[in-house]
Every structure is written in C-alpha cells, then in structure tokens.
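Asks: Protein chains in written order, with the numbering used here: chain A, 241 to 352; chain B, 6 to 122.
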Amino acid sequence: NAGVMQNPRHLVRRRGQEARLRCSPMKGHSHVYWYRQLPEEGLKFMVYLQKENIIDESGMPKERFSAEFPKEGPSILRIQQVVRGDSAAYFCASSPRGSEAFFGQGTRLTVV
Amino acid sequence: AQSVTQLGSHVSVSEGALVLLRCNYSSSVPPYLFWYVQYPNQGLQLLLKYTSAATLVKGINGFEAEFKKSETSFHLTKPSAHMSDAAEYFCAVRGGAGGTSYGKLTFGQGTILTVHP
Numbered sequence: 241n242a243g244v245m246q247n248p249r250h251l252v253r254r255r256g257q258e259a260r261l262r263c264s265p266m267k268g269h270s271h272v273y274w275y276r277q278l279p280e281e282g283l284k285f286m287v288y289l290q291k292e293n294i295i296d297e298s299g300m301p302k303e304r305f306s307a308e309f310p311k312e313g314p315s316i317l318r319i320q321q322v323v324r325g326d327s328a329a330y331f332c333a334s335s336p337r338g339s340e341a342f343f344g345q346g347t348r349l350t351v352v
Numbered sequence: 006a007q008s009v010t011q012l013g014s015h016v017s018v019s020e021g022a023l024v025l026l027r028c029n030y031s032s033s034v035p036p037y038l039f040w041y042v043q044y045p046n047q048g049l050q051l052l053l054k055y056t057s058a059a060t061l062v063k064g065i066n067g068f069e070a071e072f073k074k075s076e077t078s079f080h081l082t083k084p085s086a087h088m089s090d091a092a093e094y095f096c097a098v099r100g101g102a103g104g105t106s107y108g109k110l111t112f113g114q115g116t117i118l119t120v121h122p
C-alpha cells in the first residue's frame, strides 16, 4: 500500500503564474487535509476535504486559493496568480474516518 | 478552540543524554495529542499518539510521552539520544469527534533537536 503521494516534489513558478499541487491519498482513505509550512514556522491547516465535498476551509486564504477532491483522481490545491509570499512547503495528509492522518512528502513551491 | 505551545524552538543534547521536548496544549474538548518528526526536506512521520487510553504512550524509536491533564502537558522524552534523532519535532492536537473540525490538526511551532557527539 503506497503512502500519500504528492507531486511535484518541487515547483518553481514566476509571479502571476498558477500553481497546481496534487495529492493522491492512501488507498481506502477518503479524508484529505492540506497544510502549509512557511519558512521557520509550523504547519498551518488550510482545508479539509472528503470526496467531492469541502468540509472545512477555514484556513484557506480568501482569494487565489482553491482545493478540490473529485470523485476520481487526486486532490488538487490550486493557487492562482502566485506571489512571493506563497513560497512554502505544502503538505497533504489523508486518513480513514476516525484515525490518525498520514502525511505526504510535501511540495516545495518557490515563487521567483 | 485549540492551541499548542512548544517551549524552546531549539534543544541541544549530547549523544546518550536524556531528550526532553516540551508541549502544552489548550483544548475545549478531551484532546487527541500527537508528536510528529520531520527530517530535512521530508514529510511528517508519526512518533506517537494519545487517544484517551493510557496516559504514558510509547512510540517508535524509543520515544515516549506522558499526558498530564492537570498540567495540560504532553512532553516527549527519550532516555538516550542518538545522532539519528536530530530532526524537527512537532506536537499537535486534533479536533474532537463530530463537527467540521474533526481530524484537523493544530500544530505547535516545532522544536529543532540537535545531537552532539
């Protein structure tokens, strides 16, 4: 059973471009969480999704950020018109209901 | 609302010495508490978790943590540090059962552990 797969591992975007981060949860996991880790800081919750539903997006910036977890395929975190302050490591975690989350290796986004 | 405070952003110990990483939490519901370890440029690996069973929790790599409700603490310890323990450690609290916060983790700021030969 493969772990949580995130791709790409590293992503470089110019200011104003779009960034798409993908997360394939572990087999059998229907809950996905996205976290952001800014330099020298801990992880901050962004969004919690189940298949085709956003359950809690209280940590998502109001503009430019969106997330989805379609019926088929990976979960996608999308950042439009990236700015330098979006440079961070973005982690996805998945879990079955009622258990601990397993984390992916992260996507390190650099905005130049 | 929940929060986690890790006391000390950097801890340095000698190889073979006791490791003590401090974590205090605040939670309006009985908490589920976790310690994770992160090696450079890697994801987070679960060390151990407290889920309201035994207050002394044993984890991987010789780590353990004790839940003390009266002190709202969940400190991580290891009797003898190894060089391979050098990493960043995060304490986290999870939302209670039910509601939209279930499963969402709130992390502390992290503690970087350095182990000297």
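Ideal placement from N, C-alpha and C gives every residue a C-beta, glycine not left out.
Keep in mind it's a predicted model, so treat the numbers as computed, not measured.
1) I want to know whether the segment 309–326 of chain A touches the segment 12–19 of chain B - three or more CB-CB distances under 8 Å.
2) First and last residue of the beta strand (DSSP E) that includes Tyr-44/B?
3) How many angstroms separate the CA atom of His-287/A from the CA atom of Ser-8/B?
4) Once the 5 residues before and after Tyr-330/A are set aside, which same chain residues still bring their CB inside 7 Å of it?
5) Drop a sphere of 10 angstroms on the beta-carbon of Lys-109/B, count the other beta-carbons inside from all chains shown, and report buried for 16 or more, exposed for fewer.
6) What residues from chain A crowd round Leu-51/B, counting only those whose CB sits closer than 9 Å?
7) Mind listing the chain A neighbours of Lys-54/B? Cutoff is C-beta to C-beta under 8 Å, in chain order.
8) Along the segment 273–295 of chain A, what residues have a CB closer than 7 Å to any CB found in chain B?
9) How far does the beta strand (DSSP E) with Leu-317/A in it reach, from first residue to last?
10) Comparing the C-beta of Gly-13/B with each C-beta of chain A, is any distance below 7 Å?
11) For Glu-258/A, name the three-state secondary structure that DSSP assigns.
12) When burial is assigned at 16 or more other CB atoms within 10 Å of the CB, is His-33/B buried or exposed?
13) How would you list, in chain order, the residues of chain E whose beta-carbon sits under 7 Å from the beta-carbon of Ser-264/A?
14) Compare the beta carbon distance of Tyr-41/B and Leu-49/B with 7 Å and say whether it is the shorter of the two.
15) Are the beta-carbon atoms of Ser-264/A and Pro-314/A separated by less than 7 Å?
16) Can you pull the chain B residues whose beta carbon is under 8 Å from the beta carbon of Phe-331/A, in chain order?
17) With distances taken from CA atoms, which of Ser-89/B, Ala-6/B, Thr-60/B, Ile-65/B is nearest Lys-73/B?
18) Give me the Cα-Cα distance between His-121/B and Ala-91/B, rounded to the nearest whole angstrom.
19) Counting only the same chain and skipping the five closest in sequence on each side, list residues whose C-beta sits under 6 Å from that of Gly-64/B.
20) Is any heavy atom in the ligand NAD found nearer than 6 Å to the beta carbon of Ser-57/B?
Replies: Quick look at the numbers:
1) no
2) As a position in the second sequence, residue 44/B is number 39, starting the count at 1. Where Tyr-44/B is concerned, there is no enclosing beta strand (DSSP E), given that its DSSP letter is neither H nor E.
3) The sequence position of residue 287/A within the first sequence is 47, counting from 1. The sequence position of residue 8/B within the second sequence is 3, counting from 1. One detail in the question is off: residue 287/A reads as Val in this sequence, not His. Between Val-287/A and Ser-8/B, the C-alpha separation is close to 17 Å.
4) To locate residue 330/A, count along the first sequence from 1; it is residue 90. Contacts found: Leu-261, Trp-274, Arg-276, Leu-317, Gly-346, Thr-347, Leu-349.
5) Position 104 of the second sequence holds residue 109/B. Looking at its Cβ environment, which holds 16 or more other Cβ atoms inside 10 Å, Lys-109/B is buried.
6) Numbered from 1 along the second sequence, position 46 holds the residue referred to as residue 51/B. Near Leu-51/B (Cβ distances below 9 Å), the residues of chain A are Glu-340, Ala-341, Phe-342, Phe-343.
7) Start at 1 with the first residue of the second sequence, and residue 54/B comes out as number 49. Residues of chain A passing the Cβ test: Glu-340.
8) Tyr-273, Glu-281, Gly-282, Leu-283, Phe-285, Tyr-288, Ile-295
9) Reading the first sequence from its first residue, position 77 is the one you call residue 317/A. Its beta strand (DSSP E) spans residues 315–319.
10) Taking the second sequence and counting its residues from 1, one reaches residue 13/B at position 8. Taking Cβ atoms only, chain A never reaches closer than 7 Å to Gly-13/B, which makes this a no.
11) For the purposes of this step, residue 258/A is identified with residue 18 of the first sequence, where counting begins at 1. Three-state result, Glu-258/A: coil.
12) To locate residue 33/B, count along the second sequence from 1; it is residue 28. One point to set straight first is that residue 33/B is Ser, not His, in the sequence displayed. Exposed.
13) No chain E is present in this structure, whose protein chains are A and B.
14) Indexing the second sequence from 1 puts residue 41/B at position 36. Indexing the second sequence from 1 puts residue 49/B at position 44. Yes; because the gap between Cβ atoms is below 7 Å, this pair is in contact.
15) For the purposes of this step, residue 264/A is taken as the residue at position 24 of the first sequence. For the purposes of this step, residue 314/A is taken as the residue at position 74 of the first sequence. Going by C-beta atoms, Ser-264/A is nearer than 7 Å to Pro-314/A.
16) Sequence index remark: in the first sequence, residue 331/A carries index 91 (1-based). Those within 8 Å of Phe-331/A in chain B are Gly-48, Leu-49.
17) Taking the second sequence and counting its residues from 1, one reaches residue 73/B at position 68. Per the Cα distances, Thr-60/B.
18) Walking along the second sequence from the start, residue 121/B turns up at place 116. Walking along the second sequence from the start, residue 91/B turns up at place 86. Approximately 9 Å between the Cα atoms of the pair.
19) Here residue 64/B corresponds to residue number 59 of the second sequence, with the count starting at 1. Once the five neighbours on either side are set aside, the close Cβ partners of Gly-64/B are Leu-52, Leu-53.
20) Inclusion of the ligand NAD in the displayed structure is not the case, the ligand content being empty and no account of it being possible.
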